[in-house]
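Protein chains: 2
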Amino acid sequence: MTKKKKQIILLTMKFIKEKGFLAFSYDDLAKELGITKAGIHYHFEKKGDLGVAVCTYLEETLEQTYSDIKQETIKTTDKPLVFLSKRAAQVDRHAVCPISALQADYNDLPGTMQEKVRQISQREVRILTELLEDAKQDGGLKAMDDLEGLAALLITSAKGGLQYQRVLGDAFFSKVWTAFNKLLKCD
Amino acid sequence: MTKKKKQIILLTMKFIKEKGFLAFSYDDLAKELGITKAGIHYHFEKKGDLGVAVCTYLEETLEQTYSDIKQETIKTTDKPLVFLSKRAAQVDRHAVCPISALQADYNDLPGTMQEKVRQISQREVRILTELLEDAKQDGGLKAMDDLEGLAALLITSAKGGLQYQRVLGDAFFSKVWTAFNKLLKCD
DNA sequence: ACACTAACTTACTAATAGGTAAGTTGTCAA
DNA sequence: TTGACAACTTACCTATTAGTAAGTTAGTGT
Numbered sequence: 001m002t003k004k005k006k007q008i009i010l011l012t013m014k015f016i017k018e019k020g021f022l023a024f025s026y027d028d029l030a031k032e033l034g035i036t037k038a039g040i041h042y043h044f045e046k047k048g049d050l051g052v053a054v055c056t057y058l059e060e061t062l063e064q065t066y067s068d069i070k071q072e073t074i075k076t077t078d079k080p081l082v083f084l085s086k087r088a089a090q091v092d093r094h095a096v097c098p099i100s101a102l103q104a105d106y107n108d109l110p111g112t113m114q115e116k117v118r119q120i121s122q123r124e125v126r127i128l129t130e131l132l133e134d135a136k137q138d139g140g141l142k143a144m145d146d147l148e149g150l151a152a153l154l155i156t157s158a159k160g161g162l163q164y165q166r167v168l169g170d171a172f173f174s175k176v177w178t179a180f181n182k183l184l185k186c187d
Numbered sequence: 001m002t003k004k005k006k007q008i009i010l011l012t013m014k015f016i017k018e019k020g021f022l023a024f025s026y027d028d029l030a031k032e033l034g035i036t037k038a039g040i041h042y043h044f045e046k047k048g049d050l051g052v053a054v055c056t057y058l059e060e061t062l063e064q065t066y067s068d069i070k071q072e073t074i075k076t077t078d079k080p081l082v083f084l085s086k087r088a089a090q091v092d093r094h095a096v097c098p099i100s101a102l103q104a105d106y107n108d109l110p111g112t113m114q115e116k117v118r119q120i121s122q123r124e125v126r127i128l129t130e131l132l133e134d135a136k137q138d139g140g141l142k143a144m145d146d147l148e149g150l151a152a153l154l155i156t157s158a159k160g161g162l163q164y165q166r167v168l169g170d171a172f173f174s175k176v177w178t179a180f181n182k183l184l185k186c187d
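If you're matching them up, the sequences are chains A and H in order.
Mapping of the first sequence onto the UniProt record's numbering: position 116 corresponds to residue 116, and the numbering continues sequentially without gaps.
Mapping of the second sequence onto the UniProt record's numbering: position 185 corresponds to residue 185, and the numbering continues sequentially without gaps.
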C-alpha cells in the first residue's frame, strides 16, 4: 500500500463522514489532493474499488480498537463504554460515523461494498456484546441478562445520536451519553 | 393542495426513505408518475421547494400521531412505546425513517430545509419526553429520573435500529425492540 | 546513455443532474 | 364562440458525474 493510496483512503473517509459515499466525487478528492481526477482513477480504477478499500480500512481500525481495549488496564466493567467512547472519538464534529454513512447509502452501493458493510456492522455489535459479557462476568450489570439486546441498544443509540448531534448540536449527544452511564451503572 | 401535488409529495417520501433526498431525481419521480420532468417542475419549481413541502407533511403526520395517541384509551405507561411503534410502522421494509434520511443529507440541504429538519427532530424528542413524563406521573418508570435522557436514548436507538435493520435484517430491530420493553418495565 | 516503469496530465465520452422557455392541450366560464 | 387558465410537453441549457485512452514526466536500475 503506497503512501498516496493511504492518503486517498483517509481523505475519502473524511468525505464519507461529511457527505456520504454516493455524494462525494472523484473531483472532490482531486481538488483537495492537488492532482487530477484521472490521477485518482490510476490508484482506484472504479469508485467501488475505492469504497472496498475504505471498508477494509474500517475493518482494520475496528479490530485495532478492539485489541487495544482488551489490553488496557482498566476495569472490565468500564470497557463497554470506553469502547463506545473511543469509537465516537474517531468521528469529527459535524460528521457521522462512517459505517452509518455507508448504511444510509446501502441500497445504492455496489454488491462488493454491501457485503463488507454488513460484515463490519455485525462485527462491531459482536465486539460490544463480548465486552458486555466480560463486564457481567466481572460482577457488573447485575440486573441485565439480554446482553445482545443491550449491545444492540447501545450501538444503535450511539449511531443515531451522532446523526442527531449534527442537527441538534453537541448538547444532545451529551444527553445520550449520560443515559448510557446511568443505564450501565444500575448495579 | 391539489391531488397531484400530494401524489408527488407521497412519492418523494418513498424515494427519500429508500435513497435519501439528494440521491433521488426529478426524473425518478417523472418516470413513476408517467409525466415529464418539467411537469414536476411546474408543481415544485425547485427541488428545495419539494423538500420543504415534504418536511411540512412530516410535521403534520408527527402531530397527527401525537394527538391520536393522547386520545387513545390505553395505559399512560404504555404510550411511549406505542408512540415509537406507530412511528416505526410508518417506515416500509428496506427503508429508513425519512427524518433520519434528511439528517444524513443535512449538510448539503438548502437552508430552508435544514431549519425544518431541525424543528421536526426537536419536536419528536419533545413529544416522547412528554409521554414519558405522563407515564412517570401515572406510576411507571419508578427508577428513572432523567426522562429527557431516556427519550434521547430511545429515539436515537430507534432511528439507528431502522438503519441497521436494512443491513442486518428484521431480527436485529427485534432485539432493539425487546431491549426497549425490558428497559421501560423495570418498576 | 538507455529502457523501463510509476505516477501522473490532457482531453475526451456518455449519462445524468437541476432548471428554463416556449409551445400545446383540455376544460370551463362568460 | 371565445378567452383564459391549469397542467402539462418539447426542446433545450449548463454543470457535474464516473470512466477511458493516449501522451508526458521523473526517477531508477543496467
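No residue lacks a Cβ here, since even glycine has one placed at the ideal position from N, Cα and C.
Are there 16 or more other CB atoms within 10 angstroms of the CB of residue i, so buried, or fewer, so exposed?
{"i": "Y66 (chain A)", "result": "buried"}
{"i": "G20 (chain A)", "result": "buried"}
{"i": "Q165 (chain A)", "result": "buried"}
{"i": "T12 (chain H)", "result": "buried"}
{"i": "I99 (chain A)", "result": "buried"}
{"i": "A158 (chain A)", "result": "buried"}
{"i": "G124 (chain H)", "result": "This sequence places Glu at residue 124 (chain H); Gly is not what is there. Per the 10 Å Cβ criterion, buried."}
{"i": "Y42 (chain A)", "result": "exposed"}
{"i": "M1 (chain H)", "result": "exposed"}
{"i": "D27 (chain A)", "result": "exposed"}
{"i": "I74 (chain H)", "result": "exposed"}
{"i": "Q71 (chain A)", "result": "exposed"}
{"i": "L184 (chain H)", "result": "buried"}
{"i": "K3 (chain H)", "result": "exposed"}
{"i": "A23 (chain H)", "result": "buried"}
{"i": "G140 (chain A)", "result": "buried"}
{"i": "T129 (chain A)", "result": "buried"}
{"i": "K6 (chain H)", "result": "exposed"}
Pull up the distance between the alpha-carbon of residue i and that of residue j, whole angstroms please.
{"i": "F180 (chain H)", "j": "K46 (chain A)", "result": "42 angstroms"}
{"i": "L58 (chain A)", "j": "T76 (chain H)", "result": "44 angstroms"}
{"i": "L153 (chain A)", "j": "I8 (chain H)", "result": "35 angstroms"}
{"i": "T32 (chain H)", "j": "I16 (chain A)", "result": "In the sequence under discussion, the amino acid at residue 32 (chain H) is Glu, which differs from the Thr named in the question. If you take the alpha carbons of E32 (chain H) and I16 (chain A), they lie about 30 angstroms apart."}
{"i": "T138 (chain A)", "j": "L150 (chain H)", "result": "First, the amino acid is wrong: residue 138 (chain A) is Asp here, not Thr. For D138 (chain A) and L150 (chain H), the distance between alpha carbons rounds to 26 angstroms."}
{"i": "L142 (chain H)", "j": "L132 (chain A)", "result": "The amino acid at residue 142 (chain H) is misidentified as Leu; the sequence shows Lys. Approximately 25 angstroms between the Cα atoms of the pair."}
{"i": "M144 (chain H)", "j": "P80 (chain H)", "result": "14 angstroms"}
{"i": "Q119 (chain A)", "j": "R126 (chain H)", "result": "35 angstroms"}
{"i": "S174 (chain H)", "j": "I155 (chain H)", "result": "15 angstroms"}
{"i": "R93 (chain H)", "j": "A101 (chain H)", "result": "14 angstroms"}
{"i": "K14 (chain A)", "j": "V54 (chain A)", "result": "11 angstroms"}
{"i": "Y106 (chain H)", "j": "L50 (chain H)", "result": "16 angstroms"}
{"i": "Q163 (chain H)", "j": "T36 (chain A)", "result": "35 angstroms"}
Check residue i in the structure and name its three-state DSSP category.
{"i": "E133 (chain A)", "result": "helix"}
{"i": "D108 (chain A)", "result": "helix"}
{"i": "Q114 (chain A)", "result": "helix"}
{"i": "V96 (chain H)", "result": "coil"}
{"i": "L128 (chain H)", "result": "helix"}
Between residue i and residue j, which are expected to be in contact by the criterion C-beta below 8 angstroms, what is the C-beta distance as a whole number of angstroms?
{"i": "V176 (chain H)", "j": "K116 (chain H)", "result": "So it is not a contact: roughly 27 angstroms between Cβ atoms."}
{"i": "L168 (chain H)", "j": "S121 (chain A)", "result": "6 angstroms"}
{"i": "A104 (chain H)", "j": "A104 (chain A)", "result": "4 angstroms"}
{"i": "T178 (chain H)", "j": "D146 (chain A)", "result": "7 angstroms"}
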